[in-house]
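The structure under discussion appears below in the form of structure tokens.
Residue numbers (our numbering), protein chains in the order written: chain A, 1 to 272; chain B, 1001 to 1272.
This is the structure we're talking about:
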């Protein structure tokens, strides 16, 4: 989960997502709309009997706030939280598991704020079952999945992986840039990402307001997307002054065609 | 406002209630379902430009939690909060304004917890306009509204308030007892209240569970209502284990007839 505003639990329920399946939570910064739902979510996980440890990533202060609230509610969670305090000034890998690496993206906001870059690791070669000899040893299947040929005792190729496997599926990357001013220093970090979420609080006509409040306009978000040559751009975090969102999308598309409003509940799927 | 769980802002919106009209917020205790919506509400009031001071009443720790969150979001609210820390062990008057007095009700919960008794002050006598002489001085009208006769220079009755006014409307009282075990010591405090909200987390068949978690059963809530001779009883805070709520209401009604489920969004109106 990335950021956790108030009433996130209601949204999880609405979209039939199970809180207990969440293993990692990444919080970009400590403005309320990005983390005020966290304490309630952690409590619910506790009340529902969670035992599975949770990894939590966020800026300085997040764990202090949670700890204080647990103290006054006299609660000892029945699962462990491993908290990683993010240095919001540097780009670094903060999380790694068998599928994904997560990197920070230093953003330029009114308070310390970090985006997150999710990079899928290279995937396994895909076995072509019809071609596979029967009862092949698991070690040989593993070798093929890793893109290696299987050799016989004489060091000759016994199974050529090009015949027994198809190349791995593409590994995708997703960059999440929550609240930030227009900031070109993120471009090398997110370069070539398949999908970029970039805040787009204002229209370009309110550029002064955007700059003063450390936010971006739709055109600025699209400019970052274009310069970083990403696959597609999702726009969000719109000022409540805009009743209609089409103008924000249109403004972005005038710079970067594959731009979309990140509508609540809408799924954007990355695929080959 | 009394207690402020997560997503209270959404509920205010749903029922067309204006956050900016709230002048006083009373928090009974620091379990999440009673206060996690407060920080977001305070932030929204700020972002909407509130200048009107707010009075906040709650147990030790509440202001510390808010202050810490304001610190990390680097926010200085543009309105003042006057915080009154509640002593949850003693029954005392914590708030008074021209209409209402508010008293604490010490409750017996797992952490420090206080209910609130709202007592309307005596109301003014109601002027009978048809009987009133034209162009009567305001001071004389005020005297009549206070239930006083207006005297002439000789100390004789010029205007008998019984002719010019009707008696005041009844002053109502409402007792709110959030999370508590069955606790007879609250009875003298809430004695004769027109309306009592009392938690009713469990059915009597789960009385052990109620006692262990410092909660009450529907029968216990009704017993308190009966012994305190209140006008009507509202039941709430039901365990999620109960899909149907009628059995809770029925159990309460077997002890105290005028008992009702405090359904979300339902209005209960006190009137003569």
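Ideal Cβ positions, reconstructed from N, Cα and C, are used throughout, including at glycine.
Relative to the C-alpha of residue 1200/B, which candidate in 1221/B, 1265/B and 1209/B has its C-alpha closest? Position 200 of the second chain holds residue 1200/B. Comparing Cα-Cα distances from residue 1200/B to each of 1221/B, 1265/B and 1209/B, the minimum goes to 1221/B.
Neighbourhood of residue 234/A by C-beta distance below 6 Å, restricted to the same chain and skipping five residues each side: Taking the first residue of the first chain as 1, we reach residue 234/A at position 234. Correct list, in chain order: 197, 260 and 262.
Taking C-beta pairs closer than 9 Å, name the residues in chain B that residue 64/A reaches, listed in chain order. Walking along the first chain from the start, residue 64/A turns up at place 64. In chain order: 1068 and 1072.
Output needed in chain order: residues of the segment 1162-1189 of chain B with a Cβ under 8 Å from some Cβ in chain A. Correct list: empty, as no residue qualifies.
Residue-chain proximity (residue 1043/B, chain A), Cβ-Cβ < 8 Å: Here the question's residue 1043/B lines up with position 43 in the second chain. Closer than 8 Å: yes.
7 Å Cβ cut-off: residues of chain B touching residue 40/A: For this step, residue 40/A is matched to residue 40 along the first chain. Chain B residues near residue 40/A: 1006, 1032 and 1036.
Tell me the rounded alpha-carbon separation between residue 250/A and residue 223/A. In the first chain, the residue the question calls residue 250/A occupies position 250. In the first chain, the residue the question calls residue 223/A occupies position 223. If you take the alpha carbons of residue 250/A and residue 223/A, they lie about 13 Å apart.
Is there contact here, the segment 1140-1152 of chain B with the segment 1184-1197 of chain B, by at least three beta-carbon pairs under 8 Å? Too few Cβ pairs lie closer than 8 Å, so no.
How would you write the range of the alpha helix (DSSP H) that residue 1199/B sits in, first residue to last? To locate residue 1199/B, count along the second chain from 1; it is residue 199. Segment 1195-1199 is the beta strand (DSSP E) holding residue 1199/B; no alpha helix (DSSP H) there.
How about residue 190/A and residue 1073/B: do their beta carbons lie closer than 8 Å? Working through the first chain from its first residue, we reach residue 190/A at position 190. Working through the second chain from its first residue, we reach residue 1073/B at position 73. Not closer than 8 Å, so no.
Three or more C-beta pairs below 8 Å linking the segment 1087-1097 of chain B and the segment 1062-1078 of chain B: No, because fewer than three Cβ pairs between the segment 1087-1097 of chain B and the segment 1062-1078 of chain B fall closer than 8 Å, the two stretches do not touch.
Residue 13/A to residue 1006/B, Cα distance in whole Å? Translated into the one-based positions of the first chain, residue 13/A becomes position 13. Translated into the one-based positions of the second chain, residue 1006/B becomes position 6. Cα to Cα, residue 13/A sits roughly 14 Å from residue 1006/B.
In chain B, what lies closer than 9 Å to residue 10/A by C-beta? In the first chain, residue 10/A corresponds to position 10, counting from 1. Going along chain B in sequence order, the residues near residue 10/A (Cβ under 9 Å) are 1006, 1007 and 1010.
In this structure, does DSSP put residue 1154/B in helix, strand or coil? Residue numbering aside, residue 1154/B sits at position 154 when the second chain is read from its first letter. Residue state for residue 1154/B is assigned as coil, using DSSP reduced to three classes.
Cutting at 7 Å between CB atoms, please list the residues of its own chain near residue 1245/B, excluding the five before and the five after it. Residue 1245/B sits at position 245 when you count from the first residue of the second chain. Residues 1238 and 1261 of the same chain have their beta carbon placed closer than 7 Å to that of residue 1245/B, with the five preceding and five following residues left out of the count.
On the three-state DSSP scale, how would you describe residue 1189/B? Within the second chain, the letter at position 189 stands for residue 1189/B. It is helical.
Just list the residues that DSSP pairs residue 1025/B with in beta bridges. Within the second chain, residue 1025/B is the residue found at index 25, counting from 1. Looking at the DSSP assignment, residue 1025/B forms a beta bridge with 1056/B.
Taking all protein chains shown into account, decide if residue 1268/B is buried (16 or more other Cβ within 10 angstroms of its Cβ) or exposed. For the purposes of this step, residue 1268/B is taken as the residue at position 268 of the second chain. Classification for residue 1268/B: exposed.
When you compare the segment 1031-1043 of chain B with the segment 1115-1126 of chain B, are there three or more beta-carbon pairs, one atom per stretch, that lie closer than 8 Å? no
Please state the DSSP three-state secondary structure of residue 1126/B. Counting from 1 along the second chain, the entry for residue 1126/B is found at position 126. Strand, per DSSP.
Cross-strand partners of residue 1093/B (DSSP beta bridge): Numbered from 1 along the second chain, position 93 holds the residue referred to as residue 1093/B. The partner list for residue 1093/B (beta bridge, DSSP) reads 1103/B.
Rounded C-beta distance between residue 1219/B and residue 1252/B? I'm assuming under 8 Å. Here residue 1219/B refers to the residue found at position 219 when the second chain is read from its first residue. Here residue 1252/B refers to the residue found at position 252 when the second chain is read from its first residue. About 7 Å separates the two Cβ atoms, so the contact holds.
For residue 276/A, name the three-state secondary structure that DSSP assigns. Any property of residue 276/A remains undetermined from this structure, which presents chain A solely from 1 to 272.
Is the beta carbon of residue 61/A less than 8 Å from the beta carbon of residue 30/A? Counted from its first residue, the first chain places residue 61/A at position 61. Counted from its first residue, the first chain places residue 30/A at position 30. Yes, the Cβ-Cβ distance between residue 61/A and residue 30/A is below 8 Å.
Would you call residue 26/A buried or exposed, if buried means 16 or more other Cβ atoms sit within 10 Å of its Cβ? Against the first chain, residue 26/A aligns to sequence position 26. Residue burial annotation: residue 26/A is buried, with at least 16 other C-beta atoms found within 10 angstroms of its C-beta.
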